[in-house]
Structure formats: structure tokens, C-alpha cells
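Residue numbers (mature numbering (1 follows the signal peptide of the UniProt record, and there is no 0)): -21 to -1, 1 to 342. Beta carbons are placed, not taken as given, at the ideal position from N, Cα and C, and that holds for glycine. Keep in mind the model is a prediction, meaning the values are calculated, not measured.
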Amino acid sequence: MARLVLIFFIVACLKTVNVIAQGDAPTATPVGAATQGNIAAAPAGTSSLGGLGVNYGLLGDNLPTPDKVIDLIKSNKINKVRIFEPKQAVLQALKDSNLELALGTRNEDLQSLATDPSAATKFVQENVVAYSPGVKFRYITLGNEVIPGQYANFVFDAMQNMQNALKAANVNVPVSTVVATSVLGSSYPPSNATFGQDASAVMEKIVSFLQQNQYPLLANVYTCFPYFAEPTNINADYALGNANVAKGVTDGSIHYNTMFDAMIDAVYVAMEKVGGKDVKLVVSETGWPSAGVNLATMDNAKAYVNNVIQRVSSGKGTPLRPSIPIEAYIFAMFNENQKPAGTEQNFGLFYPDMKPVYPVSIA
């Protein structure tokens, strides 16, 4: 998960003191539990968006077995799950679960996947074909938050090789990558958003690929980190998603009540400017830590996550893309004790004993 604070959201609040009063004290009042209706899962490989998912990480030495985790996910009416790399025990537990899977590749494997088509073929045979049709693959993602960075130039070729391998195996699953909002350079207001200079060349090729194939881009969207960095300049309601018209940001004819919507639309604008006007966006990670720093509290985490659930369950899009339902994956399923100390260990919906960290109502 990227810890880089997107410049837009710091600058936005510094520039909009007329909208967000400097004297306003941040409030952390949690919302009531949101309710999610039954969202029909789209068949794997289609362009339909919408629904709630969860990130299932494994960086803990005390986590439940995968079969228990999959049962827990299903019992909470979550219909999508994302894993960061293939784990055979997890793939086995997902068979016949009816959950849709966003399957990632390891960042360190990107070079071989980009330069050796047989590596992509091997990946598909071992991790997709071997578990089909029992596992419903929704996306295959090449890399997690590697743009910009040392692996960035491998992503596009790896995506092409993976798509070719899937087609050769007669498997219809969208191929994409996962980016952080740090791919953006100019981004305030959202209508001015562009990809940053160190990411633009790679992102233009990727967006062109996604536009041509009608695949979505996956992006990790965190409002907590900008808020942690500038709590006196960013209103708590705006960051937490407590839709408060008076505390939002206006961009031309569009008003943003929540930072979540503004961040999503900034990525949409950047994609459209490089030819991706039809590329949809999936929120591959979003969440709020319940501990680790002063503003990472149970109440704030509960408020934010329930607001996201309510946002997704409404079926409504963002101000810029109102007809496109939001598909979002909560980060994360568990508090993981082998992650870096602090907030990173405290994003979970559940403790390792499968007890909830805070109340979340999905069904």
C-alpha cells in the first residue's frame, strides 16, 4: 500500500480554505452501520462493475486456515476477494465458493513475465486453468503499485504476455495492473489531473491497452494518509466520507462531498487525457487503520469503512461517472502481525481469531 500522499489532496485543502474553514475542529463521529443490498456478481471476464470485495493478505503467523477465511468472507455477504499472489491453499479453498477472485502476480516476477512468454503460460496453466471452472477469476493483475519504480517498464509487456497466454488457454479474464494514486502528478482540482512525468509514458501504453480491450484499471485509494498528514487543513467529514456538502470541494460545475469520490475522478480524468475515455476504474484497496497513529481510531475506521460500504451498495457512480457503479475492495480482511509495525498492522476488519475489530454491517 502506497504511503505517498497525493499532492492534490494536500494542495486542495490548502487552496480551499474558503470551503474548509481553518478553524473547524476535525470530528470523528462514526456513522450508523450501512446496509448493502444483494449485489449480483458479474460473470468473470465481463465489463460490468459494482459490488464489494475484500483484500485477503497472508502476512501473519496466526491467521485462520484459508477454508475458514473463505467461509468467513461468504458469511459476511462479500462476493469478491483479492489476493496479491497465487497461493495454492487459497485457490483450493476458493473452488466452488462462488466468490469472484482478483488474482495478482508478485512484483518480482514482472520481469520474467514481461520478457519470457512461457512464464506467463506457466502462470496461467498452474494458477488459472488448474482451478477452472471452480474458481471464478475476475481479474489478473500484473504488479501492485510499481508505477513509477524499478518494475514499471515491465508491466505493459507482462500484461500483453498474460493476455496472450489466457487467450491461448481459451480463458476470458480481464488483465490489468494495480496503481497507487502516486501515478498522478497535477491533480487539483480533479479536472486538472494528469499522470506524473515519471509515470506518464508507461501509463499511456497501459491505458491504451485497457481502452482497446475494454478492461478496467485498478487503483488503490486511501483518504486516510492525506488526512493524517494535514489534519488541520483537511476536514474529517470529507476524508471519512461523511457526505457533508458544506465541507466539500467544488470543481467547476461539480461538487465533491467526499475525498473518496474526488480521488477516483482524478484518475478518470488522467486516463481520459491519454485516450482512455472508456476505461473504468476499480478501487482495488481502500480502508482506514484502527490503530497505529493518533487519528487511526476504531471510530474513524468504522465510520470510513461503513461509508464505503454504503457508497458501493447505493449502485451510484462518482460525480464525473454517475452511471458507473463503484466496485471497491476493502483493505483488509485481517490485522496482519508480520507487516511493518504501526498502521500497516491495523487495517483489518477482523482479528486473527475471526472476531470483528469493529462493527460493520454489510447485509
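Item, Value
"At what residues does the beta strand (DSSP E) containing Y118 begin and finish?", "115 to 123"
"Could you give the DSSP three-state label for F204: helix, strand or coil?", "helix"
"Tell me, please, which residues DSSP counts as bridged to A159.", "N199"
"According to DSSP, what are the bridge partners of A245?", "None; A245 has no bridge partner."
"Only counting runs of 4 or more residues, tell me where the alpha helix (DSSP H) segments fall wholly within the region 222 to 293, in order along the chain.", "238 to 252, 277 to 292"
"So is A218 buried or exposed if we call it buried at 16+ other beta carbons inside 10 Å?", "buried"
"Let me know the secondary structure DSSP gives I185 once reduced to three states.", "helix"
"Using 10 angstroms around the beta-carbon of Y235, count the other beta-carbons present and answer buried if the total reaches 16, otherwise exposed.", "buried"
"Could you compute how far the alpha carbon of I119 sits from the alpha carbon of P153?", "6 Å"
"Alpha carbon to alpha carbon, what distance is there between G255 and P127?", "19 Å"
"Using 8 Å as the cut-off, can you tell me whether the region 90 to 99 makes contact with the region 59 to 73, which would need three or more C-beta pairs spanning the two stretches below that distance?", "no"
"Rounded to whole angstroms, what's the CA-CA distance from N286 to V272? Just pull it up for me.", "21 Å"
"Is the separation between the beta-carbon of I303 and that of L28 shorter than 8 Å?", "yes"
"Given a cut-off of 8 Å, decide if V253 and M182 are closer than it, judged by their beta-carbon atoms.", "yes"
"Based on Cα-Cα distance, which residue from N123, S269, R61, E251 lies nearest to R300?", "E251"
"For E323, I'd like the list of residues in its chain whose CB is within less than 7 Å of its CB, leaving aside the five on either flank, ordered along the chain.", "none"
"In three-state DSSP terms, what is F63?", "coil"
"Tell me whether E306 sits in a helix, a strand or coil according to DSSP, three-state version.", "strand"
"Taking DSSP as the reference, what is the three-state secondary structure of E87?", "helix"
"Buried or exposed: D3, going by 16 or more other Cβ atoms within 10 Å of its Cβ?", "Because D3 carries a pLDDT of 31, less than 50, the predicted location of this residue cannot be relied on, and no value is offered for it."
"With a Cβ-Cβ cutoff of 8 Å, do V157 and N199 count as a contact?", "yes"
"Does the contact criterion of 3 or more C-beta pairs under 8 Å hold for the region 175 to 195 versus the region 207 to 218?", "no"
"Here's the rule I'm using: 16 or more other beta-carbon atoms within 10 Å means buried, otherwise exposed. How should A307 be labelled?", "buried"
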